[in-house]
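Residue numbers (the working numbering): 6 to 440.
Every residue, glycine too, gets a C-beta built ideally from N, C-alpha and C.
Report on the following structure.
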Ligand code: GDP
Ligand code: IMO
Ligand code: MG
């Protein structure tokens with residue numbers, strides 16, 4: 006097996022960063038293929054915690070090349086801020102460890118301003134975005150007016166494009182959204198400086214990754230957000246603006262679908278969601294508060310409290326189908342340590358009917374009532390377990406039930422935030438659909 010895609014199987018924050026950090030140990034190269042710095046991926050190594058927003062989570066492994074593929078929207082200020090913070094701690098010492106594709110779309114100040122102003126204007130109908138300019142940046146990409154990295158590095162090309170685009174953005178900001186217009190010269194000065202620095206990281210992701218594949222190298226694709234936030238398949242309009250499903254790894258990096266060997270879905274032992282939108286298994290009681298408290302469920306990007314709820318197998322089934330998952334990485338099992346009983350949603354009741362397919366229409370989803378299955382809790386601390394056999398019977402039963410209901414093998418169990426709090430059942434680089 007030479008390629009593994011990691012994706013979030015829920016609404017994000019499943020623990021993808023941790024899993025990518027671990028699997029980078031077996032890989033040669035790591036690729037971000039969609040999203041931007043709306044992501045917050047946490048890596049805990051020893052006593053040290055690192056949160057990556059735009060740089061791939063493989064960066065703590067010296068010598069492993071990290072790519073930012075064409076499908077990403079890049080905020081240069083955040084990118085350089087992350088590099089500086091990593092360097093100060095002894096990581097990312099060699100610039101050649103990072104490669105940025107020339108076709109990435111640049112997140113511009115007007116994207117951030119429009120994102121925040123639209124949310125403000127929407128009031129109670131807001132999406133609850135991260136305010137990082139992600140939606141407006143992807144709108145410009147699809148609208149064929151994005152400033153790509155390959156434009157930014159040529160000051161005269163950038164100047165012409167900016168001069169064309171900015172009046173329309175300022176019109177929207179001033180006349181419709183009631184915000185202050187942005188200054189063209191200021192943007193030009195700041196962003197040409199970024200362009201000059203970004204030149205050093207330029208590399209064609211598709212060509213380089215295909216060369217690596219031909220050379221038998223192992224590539225890990227790092228998804229951001231989660232399946233239910235996908236622009237096509239998620240709980241629209243309460244989604245992000247990119248293809249978060251496994252298929253996005255191909256379009257967002259320039260490798261063909263047949264090059265993908267395994268797809269691992271990261272799945273929390275319960276569910277969280279940040280921002281607005283339907284969430285059938287959400288808990289509004291003390292159990293929900295316990296999950297938030299024990300799981301430290303506060304956004305890694307915005308610090309917002311995450312909404313919490315029980316594991317939803319209807320949603321997970323959808324994630325398995327959409328991504329072609331070959332394995333599940335089950336995280337945060339330890340957060341359930343003190344519970345007497347644990348619930349899993351196995352179906353929904355919708356308008357009196359029992360359904361097991363996740364509705365695509367959010368209005369229907371809002372009316373769905375979970376059908377529960379109750380399992381015994383293990384009521385002890387599992388955060389030191391290093392093998393499946395060390396887990397209490399009830400914890401093993403919980404995992405077996407997830408496998409039974411989903412038909413997908415659990416290939417990794419995470420029992421704490423640290424790298425070493427991980428039970429690996431199967432290495433996806435060694436086994437997988439073609440293994
Ligand atoms: P990501 O966006 O999918 O990478 O996930 P986040 O980093 O936003 O959120 C996951 C949080 O859970 C982080 O604070 C991780 O350090 C933490 N975490 C990951 N796995 C585990 C686990 O198995 N147990 C516990 N208690 N925390 C975990
Ligand atoms: P990681 O990669 C959780 C959510 C926002 C909002 C919606 C749209 O850390 O799992 P956007 O700013 O993307 O336009 O916001 O998507 N969202 C995330 N939720 N984890 C993330 O990333 C998220 N990235 C975006 O909260 O509901
Ligand atoms: Mg996160």
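**Report entry** Between the CA atoms of residue 147 and residue 242 - distance to the nearest angstrom
**Finding:** 17 Å
Query - CB of residue 35 within 7 Å of CB of residue 67, strictly - result: no
Query - Member of 43, 270, 353, 28 whose CA lies at the smallest distance from the CA of residue 246 - result: 43
Query raised in the report: So, residue 266 versus residue 286, is the Cβ gap smaller than 7 Å?
Result: no
Query raised in the report: For ligand 3, which residues count as neighbours when the test is a C-beta closer than 5 Å to any heavy atom?
Result: 18, 45, 305
Query - Cα-Cα separation between residue 45 and residue 385, rounded to whole angstroms - result: 30 Å
Requested in this report: State yes or no: is the C-beta of residue 279 nearer than 6 Å to some heavy atom of ligand 2?
Outcome: yes
Requested in this report: Since I believe residue 108 is in contact with residue 75 (beta carbons under 8 Å), could you give me their beta-carbon distance rounded to a whole number of angstroms?
Outcome: 4 Å
Query raised in the report: Just to check, is the beta-carbon of residue 43 closer than 6 Å to a non-hydrogen atom of ligand 2?
Result: Checking the Cβ of residue 43 against ligand 2 gives yes.
**Report entry** Beta-bridge pairing of residue 314 - partner residues as DSSP gives them
**Finding:** 276, 287
Query raised in the report: So who's on the other strand from residue 378, going by DSSP bridges?
Result: According to DSSP, residue 378 bridges with 349.
Report task. For residue 362, verify whether its CB is less than 6 Å away from any heavy atom of ligand 1. Result -> no
Query raised in the report: Which partner residues of residue 372 appear in the DSSP bridge assignment?
Result: DSSP lists no partner for residue 372.
Query raised in the report: Going by beta carbon distance, what residues of the same chain come within less than 6 Å of residue 279, once the five residues before and after it are set aside?
Result: 304, 309, 311
Report task. May I ask whether a heavy atom of ligand 1 can be found less than 6 Å away from the beta carbon of residue 61? Result -> Residue 61 Cβ: outside cutoff for every heavy atom of ligand 1.
Query - Contact test: residue 245 Cβ vs ligand 1 heavy atom, cutoff 6 Å - result: no
**Report entry** Every unbroken alpha helix (DSSP H) inside the region 82-167 [4 residues or more]
**Finding:** 114-127, 139-147, 154-157
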